[in-house]
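Participant:
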Amino acid sequence: MLQKFKDGLKQIDIFGQSINLSFRKEEQYKTSMGGFLSICIIGTIISFFYSNIINFFAKLNVTSTQEFTFADDPDTLILDQEHFMFAVQIEQDNFTTNPFFNISVEQRHYNRLPNGTQFRYPNKYIDLVPCTLKHFQPLFQKYSVDFREQFEQQNLQNFLCPNLNFVHSLNMTVGGVWASSDYYFLKISITNCRDSSQNNFTWKPICKTSEEIQNTLNKQGSFRFQVYTTNFLINPNRPKDYVQPYLAVDQFYTFVPDKMFVQSDIFFRTKKVTTDKGILMYPDKQNETFAFRDYGDQREQFEISRITPNYYGAFYFQRSPYSYYINRKFLRLDELLSYLGGFTQFMIVVVDIFGQSINLSFRKEEQYKTSMGGFLSICIIGTIISFFYSNIINFFAKLNVTSTQEFTFADDPDTLILDQEHFMFAVQIEQDNFTTNPFFNISVEQRHYNRLPNGTQFRYPNKYIDLVPCTLKHFQPLFQKYSVDFREQFEQQNLQNFLCPNLNFVHSLNMTVGGVWASSDYYFLKISITNCRDSSQNNFTWKPICKTSEEIQNTLNKQGSFRFQVYTTNFLINPNRPKDYVQPYLAVDQFYTFVPDKMFVQSDIFFRTKKVTTDKGILMYPDKQNETFAFRDYGDQREQFEISRITPNYYGAFYFQRSPYSYYINRKFLRLDELLSYLGGFTQFMIVVVGIIVRFYNRQHLIVSIANDLYEFDMSSGRQNTQMHLNSLLARTERGKEMLKTKMTKKFESIPKIQTITAFQNKPEMLQTATPFQTKRLNFDKKQSIELFLNTQQVLQSRLSAMKAKTLQYFDDFKEFLKKKHVIGLGLRVILSSIIPIESLKDDDCLVLQRAIDQVNKELDIEYIIKQLHELTKLKKVLFTSEQINLFNFSRKPKIALIQDKSKRRSTRCIIDGMSTAEDYGMMKQFTDLLSSYEKITGSEQENQNQEQVRFNQRLIILLGPELMKVLEKELSAQQQQQVESENNEPKEEENLFSDREIQVVSQN
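For the sequence shown, full-length UniProt numbering assigns the number 1 to the initial residue and increments by one for each residue that follows.
#1: For PRO453, count the other beta carbons within 10 Å of its own beta carbon; 16 or more makes it buried, fewer makes it exposed. Which is it?
#2: In this structure, how does DSSP classify TYR464 when only helix, strand and coil are distinguished?
#3: Helix or strand or just coil, what does DSSP make of ASN708?
#4: Flag this pair as yes or no: are the beta carbons of ASN570 and ARG632 separated by less than 8 Å?
#5: Could you give the DSSP three-state label for CYS379: helix, strand or coil?
#6: Taking only the alpha-carbon atoms, compute the straight-line gap between TYR678 and VAL582 and give it to the nearest angstrom.
#7: If you drop the 5 nearest sequence neighbours on each side, which residues of the same chain put their C-beta closer than 6 Å to that of VAL588?
#8: From this set, ASP250, THR254 and LEU331, which residue's C-alpha is nearest ASP284's C-alpha?
#9: Could you tell me the distance, in whole angstroms, from the CA atom of PHE5 to the CA atom of PHE70?
#10: Could you check how far apart the C-beta atoms of residue 1007 and TYR253 are, in whole angstroms? I think they sit under 8 Å.
#11: Taking VAL105 as the reference, which of THR191, VAL177, VAL256 and ASP432 has the closest Cα?
#12: Would you mind stating whether PRO413 and ARG658 have Cβ atoms separated by less than 8 Å?
#13: CB-CB under 8 Å to PHE540, same chain, minus the five flanking residues each way: which ones, in chain order?
#14: Tell me, to the nearest whole angstrom, how far the beta carbon of TYR316 is from that of PHE185; I am working on the premise that it is less than 8 Å.
#15: Please go through the segment 475 to 554 and give each complete beta strand (DSSP E) segment of 3 or more residues, from N-terminal end onward.
#16: Along the chain, where does the alpha helix (DSSP H) that runs through PRO138 open and close?
#17: Name the one or two DSSP bridge partners that GLU627 has.
#18: Taking contact to mean 3 or more Cβ pairs, one atom from each stretch, closer than 8 Å, check whether the segment 474 to 494 and the segment 430 to 441 are in contact.
#19: Which term fits LEU572, buried or exposed, when burial requires 16 or more other beta carbons within 10 angstroms of its beta carbon?
#20: Tell me whether SER390 sits in a helix, a strand or coil according to DSSP, three-state version.
#21: Please report the straight-line C-alpha distance between ILE865 and TYR711, rounded to a whole angstrom.
#22: Output the distance between the C-alpha atoms of ILE206 and PHE223, rounded to the nearest integer angstrom.
#23: Where DSSP assigns a beta bridge to CYS161, which residues make up the other side?
#24: Is the segment 695 to 711 in contact with the segment 850 to 858, if contact means three or more CB pairs nearer than 8 Å?
#25: Measure from the alpha carbon of LEU525 to the alpha carbon of each residue in ASN510, ASN538 and SER519, then state which is nearest.
#26: Quick one: what does DSSP say ASP75 is sitting in, helix, strand or coil?
#27: Which residues does DSSP list as the beta-bridge partners of PHE119?
#28: Could you tell me how far apart the beta carbons of ASN450 and ASP521 are, in whole angstroms, since I believe they sit closer than 8 Å?
#29: Starting from ILE219, follow the alpha helix (DSSP H) in both directions and report where the run begins and ends.
#30: With a threshold of 8 Å, are at least 3 pairs of Cβ atoms found where one atom belongs to the segment 135 to 142 and the other to the segment 205 to 220?
#31: Tell me the DSSP secondary structure of ALA314 in three-state form.
#32: Considering only their Cβ atoms, is the gap separating TYR661 from LYS611 smaller than 8 Å?
#33: Roughly how far, in whole angstroms, is the beta-carbon of LYS271 from the beta-carbon of ILE326, given that I think they are within contact range, below 8 Å?
#34: Mapping DSSP to helix, strand and coil, what is MET85?
#35: Could you pull the start and end residues of the beta strand (DSSP E) that THR274 belongs to?
#36: State buried or exposed for PHE606, treating a residue as buried only when at least 16 other CB atoms are found within 10 Å of its CB.
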């Protein structure tokens, strides 16, 4: 039982050691050229994959997938200290000690019952205290960010934060929507400030008086509420530090007590990140959830009627229905090995790195091939070509490109040059004939503020940008760069009625935005809408004729307001496109409404950057190209209105500023190593999958072919006693040979012997000089020899014709004998019986084939071959003496001559000249060789053989089998009969000379 189990294990061993022949004690034949190429290939593989192997162990190769989902009933999100913090303030000095208004935060929970009614749980107030570094530092330190400097820059000690020691601050929750069964949200209220010494809150400030509030309102015109929240930038393709926390300071809301009430829904999305850190076959997953607010995740409203007294603003933290599901995983070992193995396999296929194996051959071929294998090989090659034709073409055309993108936040964003090649804008007051007869004036300034080390701010002189009516030249160069004709769009948008920067003005060439208010260098552009005045005396190129006050008032009475429009160029970037991945377009979605002297409008318009790095190298050497684009996302603006404290003749202000957000895009084309790895991996897979079937078929076909070539199959059920039949054939053969030998002896005794004289015969010195008489005698003998030779040649031609006809008759019998033997074919039953060991499937062919397979496997076994070689060595020692063995070991090697020796050509050449095919020629040669050998062995002189040699020859003859012996005996009998008839019918002894030597003479001449 144990042995069977071991045998079963041996059958499934995939790491078996191949048994090969060796040459000069090496299993593979190797050369210095192969070694040099092997070193080159190994060096190429190491140089291509060194970084991959290092990065694998350092866990620097990471890929990610992202899903963006929407839920009608979003799940709950816990805003705990580890993942979230907020700070609120009314913008003023000393807010935490002497505020204008009070701020309160409530946790609310509404439960919708099955009957549809809503039950409201009691509100839970969140205790607020002045912010400290402890509110933010734990969250930022978790991601290796020191928040100390930013805390001081943003003056967060003048903000209010949740009390970390208060129980309700630890489990602030948002989740669900109004229609959900459970609806959680936070409400922030701005109310009148009252003496809070009697309440239970920690924050107990001293409120400003009503007079102070009114004086400030008269001076400012409004108050501003600010809410700062922590936020996260997540770049999942970064192996480390992929989470970047930052403080979002872009939310502020303007309100006017008892005149303009403000409220806003502030939505928080979730980013659920699952990171599989396992690099082996076992997963090691880590889950994280982040509260994330996208820019524009708010819904702001204003009310100027039906205002509740002492209630000035309400802000709701709610759960957004949108969520991100991000799955990150590091490069696993199987992927690395597949990547390396695919490339390595391809290189091995191209150049054999492991030398030339020394194998056996069959029918002069080192590999046994079949038509089925050839057909499937063509199918595989066709499949590979069809699969990878486009890939190879696309590789050289550089059509395969991949990209990674990072989204970053910077407290102090870098500068962005808005030059003509990358940016253009157009502005207008919406009206007819604006460029010639406007209602209002538009001016653009370049501003630069420098913050000194002591904190004070130095403002450089403003640089005005000269404006002129837009022309096609303002936009066409930028759009033509990306193969876009802007002519039609220019006319459709009526851009000739807009103002654009003067391209010949020096300050228009280097418009700059960068930094923030707290930065050391703060660059921005300011667009102002002011009263239109006669500009004939200024230095600007645009000198329009202004509308009159009556025209302005009439239009205002008719329209109710005016609208300012600003169009900017923008870019759509599709980094996975190989070509034309940059698509410029004109953003026409920005317009702002204002009412002169009643409603002032202002807006911050932010520009992000997209920095694209493209590696165009397809080999191992990088070829990087860098580009920077000014990009504005939808919602990259912060709009405000003022309805009090309005400056006369000043109607709107718009600021082009640098956004703190940036995109870093890395594009790279498919490299050669990646293509080869891809091709090699797929090719190897196809060969392995199809090779299982083909190799099984080829192996079975090879075994059947070997069995048919090496063995004869006796399919008869009975056994013949062939020994007596063979002995009788031997007896008849010996009697025939004795009769022929007697007659031939008498005949050859009567033939005069012709002595052959050669140039290398040693003669006595006295015979070297010929006498005149001897010379005459020699000439007479030579003449008689020539006449005799000519007569003999004529007789031979007639005899050869008769012999050829007779020989071809028995040659057909020989061919029939060779073709008559039973041949086993590789049929379906044979294949099935080798796969499914069921006896009922096996027929007679299957049974004898299995025996032949067993015999072939036995004889192909290296142990069996070595034993046979040992037996030959033993036999050599038995047959030879030690001196003979030495001579035998030093015998000359077989010679292969450039020109075949004519004297060694067989005499039967003249017989088989009429053969039409190479197969018939080969079989005829085989037949004549066999017949000649058979004749010599059976016709050898008995006195020249001992009894042991006779028995040895008889055993050799018996191995031929009775059928072949009959064919050979018929042929020899026909030759003997022909010779006897020639002797009786022809009186001239010269005409009976029909020997193999004479046929050779004829064929040579």
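A virtual CB, placed ideally from N, CA and C, is assigned to each residue, including glycine. This one's a predicted model, so the numbers in the text were calculated from it and none came from an experiment.
Facilitator: Answer, in terms of the structure:
#1: exposed
#2: strand
#3: helix
#4: yes
#5: helix
#6: 29 Å
#7: TYR567
#8: LEU331
#9: 58 Å
#10: Absent from the model: residue 1007. The displayed extent of the chain is 1 to 1005, so no value can be given.
#11: THR191
#12: yes
#13: TYR464, ASP466 and LEU467
#14: 5 Å
#15: 499 to 501, 511 to 513 and 521 to 531
#16: 137 to 141
#17: VAL612
#18: no
#19: exposed
#20: helix
#21: 18 Å
#22: 18 Å
#23: VAL129
#24: yes
#25: ASN510
#26: coil
#27: ASN111
#28: 6 Å
#29: The amino acid at residue 219 is misidentified as Ile; the sequence shows Lys. Looking at the DSSP string, the run of the alpha helix (DSSP H) that includes LYS219 is 210 to 220.
#30: no
#31: strand
#32: no
#33: 6 Å
#34: coil
#35: 261 to 276
#36: buried
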